[in-house]
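This report concerns only the one structure given below.
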Amino acid sequence: MTITRKSFLSLAGAAVLALGLGTAPASAQEVTLSLHQFLPAQANVPRLVLDVWADNVEKDSGGRIKVDRYPSMQLGGTPPELMDQAIDGVADIVWTVVGYTPGRYPSTEVFELPFMMTNARAASRAYWEMFEEHMKDTEFKDVHILGTWVHGPGMIHANREIKVPADMAGLKIRGGSRLINDYLSVLGATPVGMPVPAVSEGLSKGVIDGTTIPWEVTSALKVPELVKNHTEFEGKALYVLTFVLAMNKDRYDSLPDDLKKVIDDNSGVEFSVFAGGTQADADGPAREAAVALGNNIVTVSEEDAKAWRDAAQPVYDAWIADMESKGIDGQALIDEATMLMEKYSQ
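Mapping of the sequence shown onto mature numbering (1 follows the signal peptide of the UniProt record, and there is no 0): residues -28 to -1, 1 to 318, in sequence order.
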């Protein structure tokens, strides 16, 4: 038999296929994941948290995972729709404020109660621990959660000076969650619900007199240029919001085991603590920017904050009753969160 070049190549190809070398093994597949979120790409969370996570996943996968990043709702929809986008597969991964869907993930709200948090790293660690214990297989059963965290101390930024609870009366204030809105109402303010990207326009057009956000996001939203008064609190924070980095469950399950491990190794409790701590660390430079502009910063002492804390009791009472109506022991969640945050703050 005369072996021509053509027949040689055919035989060689058959041998390669017979040895299983003609196709890449399943474990070597390449994956592109979409990451969707609501802030501009240059804001602190995308730049200092989400990009770090995505870059590490790409690196640790040897380039087999590529994370396409879509800031500012570039895949469409509104911020309150992000969680459903992760559930439905519109995006593979989303970062969102849990409070954008009020009442849907009730157990997370324990961290959003007024004057609960003192340390973002401790709270983020406690949040992850309580997520695994109480929320993973219940409230969040439809998504694969990669991280849970809170930001640094939430505070008030307004077009007039605010020192005592009575100063809030009659003001239109943007609140970031259901519970902070309830608290604003107790204080005599009118809460205005709007996603954080809308705050700049709301302030500039006078739709709101002020907003509740942490220092770190004020720079991206140009808040210190729009209002000149800021009220912060010593000790426990006025409030915080809860965040999740959530992945479509089917998309995660479809990954080969080695790529699941890459995702897992970059997610969980340590990532959650990193994310919360990184947001809190960004508070300082943003505060300094407001100082440089000559803005008026009121720091309410822990002693003077007692009047603010006392005013929050109706919010606690209503929340506990609401949790009870859902079959959840709200007081037990408060006690557990408080214990864990104190433990991890030491």
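Every residue gets a Cβ at the ideal spot worked out from N, C-alpha and C, and that includes glycine.
With the cut-off set at 9 Å, would you say residue i and residue j are in Cβ contact?
{"i": "M127", "j": "A209", "result": "yes"}
{"i": "residue 360", "j": "V66", "result": "Given that the chain is displayed from residue -28 to residue 318, the structure contains no residue 360 and the question cannot be resolved."}
{"i": "Y72", "j": "M55", "result": "yes"}
{"i": "P74", "j": "V168", "result": "no"}
{"i": "T190", "j": "L20", "result": "no"}
{"i": "H129", "j": "V195", "result": "yes"}
{"i": "R146", "j": "G174", "result": "yes"}
{"i": "G142", "j": "T162", "result": "yes"}
{"i": "P43", "j": "F87", "result": "no"}
{"i": "V270", "j": "I59", "result": "no"}
{"i": "V287", "j": "V158", "result": "yes"}
{"i": "L137", "j": "K298", "result": "Contrary to the premise, residue 137 reads as Pro rather than Leu in this sequence. It is not a contact, given that the beta carbons lie outside the stated cut-off."}
{"i": "R36", "j": "L7", "result": "no"}
{"i": "T68", "j": "F215", "result": "yes"}
{"i": "E314", "j": "G207", "result": "no"}
May I ask you to list the residues that DSSP assigns as paired with residue i?
{"i": "P163", "result": "I145"}
{"i": "R41", "result": "L7"}
{"i": "V66", "result": "H8, A218"}
{"i": "V122", "result": "T214"}
{"i": "V115", "result": "N220"}
{"i": "F205", "result": "V272"}
{"i": "A130", "result": "G182, N201"}
Out of the options, which one is the CA nearest neighbour of residue i?
{"i": "V263", "options": "W100, P12, A161, N201", "result": "N201"}
{"i": "R150", "options": "W121, M89, D109, F83", "result": "F83"}
{"i": "D255", "options": "A92, T310, P137, W280", "result": "A92"}
{"i": "E81", "options": "K108, T271, G302", "result": "G302"}
{"i": "P240", "options": "F87, T120, I59, A98", "result": "The sequence as given places Gly at residue 240; Pro does not occur at that position. The shortest C-alpha separation from G240 is found at T120."}
{"i": "W164", "options": "A13, K144, L227, A247", "result": "Residue identity check: residue 164 is Val in the sequence provided, not Trp. The shortest Cα separation from V164 among A13, K144, L227, A247 belongs to K144."}
{"i": "W100", "options": "D222, D289, G248", "result": "G248"}
{"i": "L47", "options": "W187, D64, G35", "result": "D64"}
{"i": "D114", "options": "I269, A283, K221, T271", "result": "K221"}
{"i": "L156", "options": "T183, I235, N268, A26", "result": "T183"}
If residue i and residue j are in contact, beta carbons under 8 Å, what's the gap, nearest whole angstrom?
{"i": "N131", "j": "V199", "result": "5 Å"}
{"i": "residue 363", "j": "H116", "result": "Residue 363 lies beyond the range of the chain shown here (-28 to 318); nothing can be said about it."}
Next on the checklist: So within the region 217 to 291, which uninterrupted beta strand (DSSP E) runs reach at least 3 residues, ignoring any that extend past its ends?
Outcome noted: Note on the region 217 to 291: whole beta strand (DSSP E) runs with a minimum of 3 residues are 268 to 272, in chain order.
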